[in-house]
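This report concerns only the one structure given below.
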Amino acid sequence: MSDNTNSEQFAQPQPAALRRAWTMRETVTLAIIGVVFAFLYLAWVQLWLVLQSVTGPLAMDVLMGFWFSGSMFAAYIIRKPMVAFTTAMLTVIVQILAGNPSGAILLLTGLVQGAGSEVPFALTRWKRYSTPVLMASGATTAVFSFIYTWFRFSYWELATGLVITMLVIRIISGVVLGGLLGRFLAEAVYKTGVTSGLAIDYAKRNTEA
Amino acid sequence: MIRRGVFESYELASPLHLVNPAVKLLCSLAVMLFVSLIFDIPTLSAIAGWGLLLVLGLARVRPTVLARAMLPFAIFGLGFLWMNAILPRAAEGQAEALLRLGPLTVWREGLLNGISFAIRALSFGVYSVLFVATTDPTTFVLSLIHQLRVPPRLAYSALAAYRYLPTLHAELAQIRAAHRLRGVGETGGLRGKLQQAYRYTIPLLAAALRRAGRTANAMEARAFTGRQRTWYRTTRLRTVDAGYALLALGGVAAIVVLSARAGTLMLWSGRLWV
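Protein sequences appear in the order of chains D and L. Quick note: the first sequence uses this note's numbering, first residue 5, plus one each step. Quick note: the second sequence uses this note's numbering, first residue 540, plus one each step.
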């Protein structure tokens with residue numbers, strides 16, 4: 005009869021998913037997200053090759069955002085520091101082993117894009133995972149990756165107008181195919197119930213309660 | 540008979556199976572990074588050929604298994620070749636057209652670039668098969684922990700993910716079967732393709748996360764998170780590892796030196812598509 009009053013006297017322990025330290029569940033989940041997104045990214049490479057043969061180099065900027073989406077997906081679900089960065093690194097390592105024609109230079113790509121995607125989350129001190137923050141993450145990843153490809157593919161040799169167009173397209177792609185799509189996929193997966201006990205689940209319960 | 544893919548080949552035996560996985564991985568990664576900087580066809584072909592020798596000779600990978608593993612690399616490589624060959628050149632005046640097929644023009648420089656991309660993709664494939672086909676995942680994790688000092692928690696999480704990779708195809712087949720059982724047909728058109736992609740992606744992600752949760756529970760139940768682990772088996776560095784590193788890296792170094800002497804070597808010059 006006094007069960008309720010009794011339990012209220014004790015401080016509720018904080019769920020492991022909301023603490024700083026990583027749980028086993030989160031590390032394994034992140035590793036497996038890395039594998040699945042690496043696989044999806046490889047499928048996307050084929051789409052890129054097809055589109056590129058039709059529209060030329062702009063295809064890369066149009067499609068680029070999807071190659072960021074894993075970071076936002078994982079960050080939205082696990083909500084811990086360095087999730088976005090680690091996802092980017094994991095996906096490139098798996099892609100190198102499983103067969104991306106760009107090979108080991110992808111390690112550098114992962115490093116740059118991972119750093120870019122982490123910036124907005126770091127600015128909120130890893131506290132906010134709202135839609136605008138996810139969109140911002142897509143945008144900063146796009147900017148970081150653009151600076152990187154500027155050097156890698158010698159964009160300084162191209163006309164300024166074209167370079168600006170490419171940058172704008174890439175940012176839009178990062179926001180839509182990266183941030184928004186990553187969120188959309190995470191929401192769809194959340195609805196299946198497999199994320200119960202992860203940070204996204206607690207956040208949803210708190211907002212709905 | 541069980542069809543052995545490249546991911547199951549580690550169950551066989553070869554001289555390369557005896558080499559420490561961390562050493563094998565670092566050697567393959569070093570060669571891949573270096574290959575990214577090489578742009579001329581003779582050097583790239585020689586390095587790919589050297590990798591092929593190692594795969595067939597030292598790793599004893601069966602040619603049919605190798606061919607199947609190389610298929611995606613070959614497809615990517617051909618895609619790059621074709622794309623580069625017909626991509627309009629920046630400096631139209633200086634470019635040399637080889638062939639005109641209606642609206643398409645095959646450019647000489649683009650074709651050469653494309654061929655070097657394709658060979659590079661193939662050599663990435665060969666050097667990753669060299670590692671993947673001869674490495675028992677469990678030994679790999681042990682060497683990550685013992686030689687590369689990766690925390691056991693992370694290393695075992697990586698193992699769980701690594702073991703998930705070869706089952707992805709089975710997972711997709713199961714989703715397809717489930718769709719067909721419920722009479723969901725595959726439709727054409729862009730809209731149909733998008734719907735199809737959605738219908739595959741969500742179950743794939745959900746199944747992966749479910750699997751991750753179960754694996755993590757199983758690992759926690761077996762105290763994988765505990766400190767002060769003891770080891771049933773440890774991996775160490777032996778002379779055979781140094782021998783392999785010398786052979787693999789020395790071979791590539793020799794090729795590069797010979798190629799530089801012959802004047803064919805072309806290193807990255809800050810350009811890619813011109």
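C-beta: ideal position from N, C-alpha, C; glycine also. Note that the structure is predicted; figures quoted are calculated from it, not measured.
{"Item": "Test: residue 671 (chain L) CB closer than 8 Å to a CB of chain D", "Value": "yes"}
{"Item": "Beta carbon proximity, residue 556 (chain L) to chain D, threshold 8 Å", "Value": "no"}
{"Item": "Cβ distance (whole Å) where residue 763 (chain L) is taken to contact residue 695 (chain L) below 8 Å", "Value": "5 Å"}
{"Item": "Within chain L, partners of residue 204 (chain D) - CB distance below 7 Å", "Value": "What residue 204 (chain D) touches in chain L: nothing, since even the nearest Cβ is about 11 Å away."}
{"Item": "Residue environment, residue 767 (chain L), which counts as buried when at least 16 other CB atoms sit within 10 Å", "Value": "exposed"}
{"Item": "Burial state of residue 747 (chain L) (16 or more Cβ within 10 Å)", "Value": "buried"}
{"Item": "Neighbour list for residue 38 (chain D) in chain L, Cβ cutoff strictly below 7 Å", "Value": "700"}
{"Item": "Run of the alpha helix (DSSP H) containing residue 133 (chain D), from where it starts to where it stops", "Value": "Run containing residue 133 (chain D): none; DSSP gives neither H nor E here."}
{"Item": "Backbone secondary structure at residue 52 (chain D) - three-state DSSP", "Value": "helix"}
{"Item": "Three-way DSSP call (helix, strand, coil) for residue 769 (chain L) in this model", "Value": "coil"}
{"Item": "Residue 644 (chain L), DSSP secondary structure in three states", "Value": "strand"}
{"Item": "Residues that residue 638 (chain L) bridges to, as DSSP identifies them", "Value": "L:645"}
{"Item": "Residue 8 (chain D) to residue 17 (chain D) span [Cα, whole Å]", "Value": "In this predicted model, residue 8 (chain D) has a pLDDT of only 48, less than 50, meaning its place in the structure is not dependable enough to derive any value."}
{"Item": "Interface positions of the stretch 734-745 of chain L facing chain D (Cβ-Cβ less than 9 Å), listed along the chain", "Value": "736, 737, 740, 741, 742, 743, 744 and 745"}
{"Item": "Neighbour flag for residue 192 (chain D) against chain L, beta carbons, 8 Å", "Value": "yes"}
{"Item": "Buried or exposed by the 16-neighbour rule on C-beta atoms within 10 Å, applied to residue 199 (chain D)", "Value": "buried"}
{"Item": "Closer than 7 Å: residue 75 (chain D) CB and nearest the ligand NAD heavy atom", "Value": "Absence of the ligand NAD is noted for the structure shown, with no ligands found whatsoever."}
{"Item": "Whole-Å CB distance - residue 650 (chain L) paired with residue 661 (chain L), under 8 Å assumed", "Value": "About 17 Å separates the two Cβ atoms, so there is no contact after all."}
{"Item": "Closest by C-alpha distance to residue 44 (chain D), when choosing among L:773, L:711 and L:805", "Value": "L:711"}
{"Item": "Contact belief for residue 598 (chain L) with residue 672 (chain L) at Cβ below 8 Å, rounded distance in angstroms", "Value": "6 Å"}
{"Item": "C-alpha gap between residue 208 (chain D) and residue 574 (chain L), whole angstroms", "Value": "47 Å"}
{"Item": "Three-way DSSP call (helix, strand, coil) for residue 687 (chain L) in this model", "Value": "coil"}
{"Item": "Cut-off 6 Å between Cβ atoms - residues of its own chain near residue 68 (chain D), not counting five sequence neighbours on either side", "Value": "174 and 177"}
{"Item": "Alpha helix (DSSP H) runs contained entirely in the stretch 159-191 of chain D, provided each spans 4 or more residues", "Value": "164-177"}
{"Item": "Nearest residue (CA-CA) to residue 675 (chain L), options L:745, L:802, L:591 and L:550", "Value": "L:550"}
{"Item": "Residue closest to residue 31 (chain D), alpha-carbon to alpha-carbon, out of L:752, L:607, L:623 and L:564", "Value": "L:752"}
{"Item": "Straight-line gap, residue 806 (chain L) to residue 792 (chain L) (C-alpha atoms, nearest Å)", "Value": "14 Å"}
{"Item": "Below-8 Å beta-carbon distance, residue 174 (chain D) vs any chain L residue", "Value": "no"}
{"Item": "Helix, strand or coil at residue 806 (chain L) according to DSSP, with G and I counted as helix", "Value": "strand"}
{"Item": "Closer than 8 Å to chain D by CB, residue 697 (chain L)", "Value": "yes"}
{"Item": "Chain-order list of residues whose beta-carbon lies under 7 Å from that of residue 96 (chain D) (same chain, five-residue window excluded)", "Value": "110, 111, 113 and 114"}
{"Item": "Supposed contact pair residue 142 (chain D) and residue 183 (chain D) - C-beta distance, whole angstroms, cut 8 Å", "Value": "3 Å"}
{"Item": "Below-8 Å beta-carbon distance, residue 674 (chain L) vs any chain D residue", "Value": "no"}
{"Item": "Positions along the stretch 570-582 of chain L whose CB lies within less than 9 Å of some CB in chain D", "Value": "570, 571, 572, 573, 574, 575 and 576"}
{"Item": "Residue interval of the alpha helix (DSSP H) (run including residue 573 (chain L))", "Value": "560-574"}
{"Item": "Boundaries of the alpha helix (DSSP H) in which residue 579 (chain L) is found, first to last residue", "Value": "No alpha helix (DSSP H) contains residue 579 (chain L), which DSSP labels as neither H nor E."}
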